[in-house]
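**Student:**
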Amino acid sequence: MSEEKTVCIVGVAGFIGSHLLEKIIRERTWNVLGCDMVSPLKIQQLLGAEKKWAGRFSFTQMDIVKEPAKLKELIKQSDVVINLAAICNPSEYIKQPVNTINSNFTDAQDCINFCVEHDKHLIHFSTCEIYGRPLSSYGLPADEPKNYLLDEETTPMIMGPVSAQRWCYACAKQLVERLIYAHGTENNLKFTIVRPYNWIGPRMDYIPGVDGKDDGQPRVLASFMTALMKEEPLVLVNGGEVFRTFCAVEDAIDAVMKMVENPEKSQGHAFNVGNPDNNIKVADLAELMINMYSEITGKPKGTTRTVSGVEYYGPGYEDSDLRIPSMRLIQQQLGWTPPTSLKSAMEATMKVFIEKYADKVADLKRGQA
Ligand code: NAD
Ligand code: UGA
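And the structure:
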């Protein structure tokens with residue numbers, strides 16, 4: 071199980087990278103070569119010469135686009151390469167669609183090519199968004215599982231028109247999946263593709279004005295936490311009528327560990343990694359978080375307000391209405407089932423956000439008053 075190996079994590083200082091690194095470094099004896107273009111704030115707790123794993127982890131701050139030779143060197147020294155680097159925030163898909171496409175497709179190619187050249191196992195992070203909208207949202211009967219359950223090997227992928235720029239991210243991820251698959255057939259690339267479904271946990275995104283751009287729009291968890299801590303209404307985009315299945319990041323990281331440790335079962339596949347039991351309407355998520363925040367802090371309950379998608383994100387915003395992962399393949403190949411309920415994942419995550427940010431947000435509010 072704990073066979074020695076060297077893992078290269080590209081995008082190690084992001085949300086998922088920080089959790090993956092922590093798991094590997096604390097619970098395995100592997101070496102990790104991590105790189106990211108941002109400073110390593112989210113992995114600061116793991117850095118330092120005094121840490122017992124210090125000799126097993128190195129961090130290189132670099133943009134993989136600008137320093138391909140360095141990336142190649144890291145990949146050459148590794149057994150497994152996990153590529154997390156990407157623009158993956160819906161507010162960016164509309165504001166900077168060219169960068170979004172390049173980041174998710176063009177910039178992923180060096181990593182793929184170096185893995186082909188040096189015969190490394192590539193674990194590439196894609197997204198559940200590659201399915202687009204389920205068939206049920208195009209009028210097919212909503213009570214038939216084949217019209218809403220997203221299965222890796224049978225579900226067609228249907229996205230909106232080109233002018234709906236929301237889909238540029240999903241489309242770029244889908245094309246990079248197809249490129250990886252093609253390298254698998256033509257050049258024997260050993261690959262595994264991960265399709266996350268709204269993983270949540272501490273260190274996800276940022277709080278605008280505290281550790282991110284003042285006018286930033288993080289993903290829903292951090293957006294709702296920002297509103298709660300600032301005592302402002304939570305924004306429900308288009309009324310919060312759509313659904314998401316949320317998965318606790320620690321459960322999801324266990325799935326990735328199984329992919330690394332069981333290459334014979336994970337290679338050649340794309341896996342849904344989500345929790346179908348944690349499906350919730352966004353408006354109900356807001357209510358859950360409002361109630362939980364009030365219980366944790368003793369403060370009065372917050373409120374919500376509705377804003378249109380175009381107003382909130384800009385023209386070209388469309389949304390997935392429902393995305394429920396089929397667990398068939400991942401259970402069959404890796405025996406993985408996520409145990410954590412939405413309530414328990416959310417409570418633990420909210421407590422960490424409050425501990426980390428509540429005072430800073432209060433200072434920010436006082437400064438603005
Ligand atoms: P994140 O933004 O927190 O992490 C991505 C990291 O990649 C960042 O630290 C960023 O600085 C780095 N990066 C981006 N471009 C880079 C470059 N050119 N050179 C070096 N580093 C670069 O995002 P995350 O939530 O951790 O997501 C990681 C991956 O998983 C992404 O590919 C994303 O599309 C995918 N994904 C995540 C989720 C989720 O639930 N969080 C869902 C679907 C897909
Ligand atoms: C995200 C991103 O595309 C990727 O990170 C990833 O591929 C994927 O989800 C995933 O995590 O699986 P999305 O779920 O739309 O897409 O991102 P969020 O910003 O978390 O939004 C979830 C829902 O909440 C959307 O319907 C959005 O409109 C809504 N929302 C978001 C609000 O109602 N209010 C907000 O303040 C923010």
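So the sequence shown is numbered by the working numbering: it starts at 71 and just counts up by one.
Glycine included, every Cβ here is placed at the ideal spot set by N, Cα and C.
Given the structure is predicted, the values throughout are model-derived calculations rather than measurements.
1. With a CB to CB cut of under 7 Å and the five nearest residues on each side skipped, what residues in its chain are close to Asn169?
2. Below 7 Å CB to CB, which residues in the same chain sit around Cys185 once its five sequence neighbours on both sides are set aside?
3. Just to confirm, is the Cβ distance from Ile400 to Ala325 under 8 Å?
4. Would you list the one or two residues that DSSP bridges to His191?
5. Which value, in whole angstroms, describes the spacing of the CA atoms of Trp237 and Met295?
6. Exposed or buried, Glu199, counting other C-beta atoms within 10 Å across all chains shown (16 or more means buried)?
7. Just the Cα atoms here: how many angstroms apart are Ala318 and Pro408?
8. Would the beta-carbon of Pro288 be found less than 7 Å away from any heavy atom of the ligand NAD?
9. Among Asp284, Ala428 and Ala178, whose alpha-carbon lies nearest the alpha-carbon of Leu245?
10. With a threshold of 7 Å, establish whether the CB of Asn159 neighbours any heavy atom of the ligand UGA.
11. Which word fits Val80, buried or exposed, when buried means at least 16 other C-beta atoms lie within 10 angstroms of its C-beta?
12. If we count the other Cβ atoms within 10 Å of its Cβ and call it buried at 16 or more, is His188 buried or exposed?
13. Report yes or no: do the segment 342 to 352 and the segment 119 to 133 share at least 3 C-beta pairs separated by less than 8 Å?
14. What residue does the alpha helix (DSSP H) around Leu355 start on, and which one ends it?
15. Counting beta carbon pairs with one atom in the segment 264 to 284 and one in the segment 423 to 432, are three or more of them shorter than 8 Å?
16. Contact defined as beta carbons within less than 8 Å: I believe Asn342 pairs with Ser396. What is the distance between those atoms, to the nearest angstrom?
17. Does the beta-carbon of Leu103 have 16 or more other beta-carbons within 10 angstroms, so that it is buried, or is it exposed?
18. Tell me the residue span of the alpha helix (DSSP H) that contains Leu91.
19. Nearest CA to the CA of Ala292: which residue from Tyr218, Val431 and Ser206?
20. Can you tell which of Gly84, Gly230, Leu404 and Asp285 has the C-alpha that lies nearest to the C-alpha of Tyr383?
21. Are the CB atoms of Val135 and Cys105 within a distance shorter than 8 Å?
22. Entirely within the segment 191 to 215 and at least 4 residues each: give me those alpha helix (DSSP H) ranges in chain order.
23. Could you check which residue in Lys328, Glu334, Leu210 and Cys78 has the C-alpha nearest to that of Asp149?
24. Pick out whichever of Met107, Cys241, Gly368 and Gly309 has its Cα sitting closest to the Cα of Thr376.
25. For the putative contact between Leu304 and Ile360, defined by C-beta atoms under 8 Å, what is the C-beta separation to the nearest angstrom?
26. Expressed to the nearest angstrom, what Euclidean distance is found between the alpha-carbon atoms of Tyr267 and Ile394?
27. Label Asp96 either buried or exposed according to how many other C-beta atoms from any shown protein chain fall within 10 Å of its C-beta, with 16 as the threshold for buried.
**Tutor:** Taking the structure as given:
1. Ile157
2. Ile145, Val151, Leu192 and Leu259
3. yes
4. Val150 and Lys260
5. 26 Å
6. buried
7. 8 Å
8. no
9. Ala178
10. yes
11. buried
12. exposed
13. no
14. Val352 to Thr367
15. yes
16. 6 Å
17. buried
18. Phe85 to Glu97
19. Val431
20. Asp285
21. no
22. none
23. Cys78
24. Gly309
25. 7 Å
26. 8 Å
27. A small correction: the amino acid at residue 96 is Arg; Asp does not occupy that position in the sequence shown. So Arg96 ends up on the exposed side.
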